[in-house]
Amino acid sequence: MFLSRRSFTRRSPLACLGAMATTSFGQHAVEQPVRSNNGFPQKFLWGVATAAYQVEGAVYEAGRGISIWDTFAHSPGKIYNGDTADVATDSYHRCEEDIALIKKMGLNSYRFSVAWPRIFPDGNSSPNQAGIDFYIRFAEALRSADIEPICTLYHWDLPQQLQDRGGWQSKDTCKAFADYSGYVAKQLGPFVNTFVTMNEMRSFIDIAYGEGRQAPGLHLSRKDLAQARHWALYGHGLALAAVRSVAPKAEVGTAENAYFFIPALEDKEHIAAARLATVEENAHFLTVMHTGKYTERYLRSLGQDAPRFTQEELDVISAPTDFQGLNIYQGLYVAPADGPDGYRVLPLPISYPRMDSSFTHVTPTVMYWGPKLISEQLGINKIYITETGCSAKDVPEPIGEINDVDRIAFLRAYLDQLGRATSEGVPIKGCFVWSLLDNFEWSDGFSKRFGLVYVDWKTLKRTPKLSAQFYRNYIRAATR
Ligand code: BG6
């Protein structure tokens, strides 16, 4: 099954042979990127990622409004140990220090997010000048340090007042999001070339409105949840148009934690099964965004609970984006199966290795198969790995060093598989490790550490871990 609505660029098998100029495909001349030793193109964004609520702190400063995450984090029993992000890593006040850390790691880009309630404290009336000024200064500082700013517009901190009016269950929120996005893109446009409209619809809808594990902590019915997914998609589509109208040169996309499938064996049958799973298991978000249709299987499986939608909404949702961001932590192994689906997701054995969080199973080949199959099945010609990484139980040694060799082993294996993908021409243009520093990991509070830089939660002192050095060296080798 090949569902692409767009032409899929054929790629040269010669691309893996190193630097070269131009290859001819029939009548079309195809420019081959110059490649370095590790299989990565030389022009590649190497970065780290964070999100406003997880690092900024300063939640009551400079006119910021309350977000659903402030409310959730202050509700008893929602966050591990009762932690809140009121201070977090205090990055609002420590921008210079954070930028210096990024620079020291030899990175050429940084993915951060804007806190919607800093810009429109109550969601959608008048903008808060102090809020936007903060991000203008920040983006400007990144540019002067030669760090490409990648700006996420929505990383889950919905203004509480919008939630009180229905949140993502209401079509009005889509309009408010578009207005906010257009405003931010206009203000940051002179400094920012890349905007991510939304981060992980599956997390901020399914986990937050369905399972109740994230803000606003609801347990919607299947029908209401399917409709909320639809409005999130529609909000993205309206925001895409709004950003384009004020920043026509900017590139715009989303960052999705899609389900990524790995053929359990790399043979024809397993690969075919992984292709089917990629399209069907992502029907509710990525597939409809890139094909303009909910799959028949998805609609059939929901029956009476299927979302209500119009063709106009589907057109808005599936307007072509400039790239697709993928947040890749783990993959799922699949095998072929008899029956209507044609594939079966294999359960992981109890002894399967994983890092510190329940979802960080060590599946390096996901970095090859994930982007490759998504690109091929959905006709996507530009991908950023907007997040990858893992949590680890980092314990400073008595001399103060954090020798996180477990994270290094994880990252080395993942990045090598990413290089395998780029060397075969999978159109990946950048990679962002989650995260710059240990931060407020949502309902896990401060109990899980994902950073390349260690944060002492008593003093907020930052200490680069050994993995920060590893990443710098890996990039140096890849760009030689
Ligand atoms: C991604 C999010 O899902 O994974 C990040 O975009 C998040 O915001 C990261 O911090 C790790 O997930 P978690 O649930 O362990 O905080």
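Using this note's numbering, you'd call the opening residue of the sequence shown number 267 and step up by one each time.
Using N, Cα and C, we set each Cβ at its ideal position, and we do this for glycine too.
heavy atom of ligand 1 below 7 Å from residue i C-beta
i           : result
residue 477 : no
residue 716 : yes
residue 523 : yes
residue 723 : no
residue 317 : yes
residue 436 : no
residue 700 : yes
residue 320 : yes
residue 708 : yes
residue 733 : no
residue 657 : yes
residue 623 : yes
residue 465 : yes
residue 469 : yes
residue 347 : no
residue 593 : yes
residue 653 : yes
Proximity below 8 Å, CB of residue i to CB of residue j
i           : j           : result
residue 314 : residue 698 : yes
residue 513 : residue 569 : no
residue 716 : residue 650 : no
residue 544 : residue 464 : no
residue 482 : residue 539 : no
residue 524 : residue 552 : yes
residue 312 : residue 373 : yes
residue 503 : residue 585 : yes
residue 458 : residue 418 : no
residue 632 : residue 597 : yes
residue 357 : residue 329 : no
residue 383 : residue 333 : yes
residue 821 : residue 726 : Any question about residue 821 goes unanswered here, given that the chain covers just 267 to 746.
residue 657 : residue 623 : yes
residue 469 : residue 453 : no
residue 379 : residue 696 : no
residue 390 : residue 442 : yes
residue 629 : residue 377 : no
residue 573 : residue 488 : no
residue 347 : residue 701 : no
residue 435 : residue 497 : yes
residue 637 : residue 692 : yes
residue 318 : residue 490 : no
residue 645 : residue 536 : no
residue 541 : residue 643 : yes
residue 446 : residue 386 : yes
residue 729 : residue 668 : yes
residue 352 : residue 325 : yes
residue 304 : residue 734 : no
residue 587 : residue 518 : yes
Bridge partner(s) assigned by DSSP for residue i
i           : result
residue 379 : 418
residue 639 : In DSSP, residue 639 forms no bridge with anything.
residue 427 : None; residue 427 has no bridge partner.
residue 698 : 313
residue 511 : According to DSSP, residue 511 bridges with nothing at all.
residue 590 : 520, 649
residue 333 : 425
residue 318 : In the DSSP output, where bridge partners are listed per residue, residue 318 has none listed.
residue 720 : 729
residue 528 : 599
residue 465 : 521
residue 620 : 627
residue 611 : 600
Rounded distance between the beta-carbons of residue j and residue i, thought under 8 Å
i           : j           : result
residue 371 : residue 737 : 6 Å
residue 685 : residue 310 : With a Cβ gap of about 10 Å, residue 685 and residue 310 do not count as contacting.
residue 411 : residue 471 : So it is not a contact: roughly 35 Å between Cβ atoms.
residue 679 : residue 634 : No, residue 679 and residue 634 are not in contact; Cβ-Cβ is about 11 Å, not under 8 Å.
residue 448 : residue 439 : With 8 Å as the limit, residue 448 and residue 439 do not qualify as a contact, their Cβ atoms being about 15 Å apart.
residue 416 : residue 460 : 5 Å
residue 500 : residue 582 : 6 Å
residue 526 : residue 600 : Actually they are not in contact, since the Cβ atoms of residue 526 and residue 600 sit about 10 Å apart, beyond 8 Å.
residue 745 : residue 308 : 6 Å
residue 612 : residue 492 : Rounded, the Cβ-Cβ distance is 27 Å, inconsistent with contact.
residue 466 : residue 593 : 6 Å
residue 388 : residue 425 : 6 Å
residue 670 : residue 682 : Going by Cβ atoms, the distance from residue 670 to residue 682 rounds to 18 Å, so no, they are not a contact pair.
beta-carbon residue i near ligand 2 non-hydrogen atom, thresh 7 Å
i           : result
residue 541 : Absence of ligand 2 is noted for the structure shown, with ligand 1 being the only ligands found.
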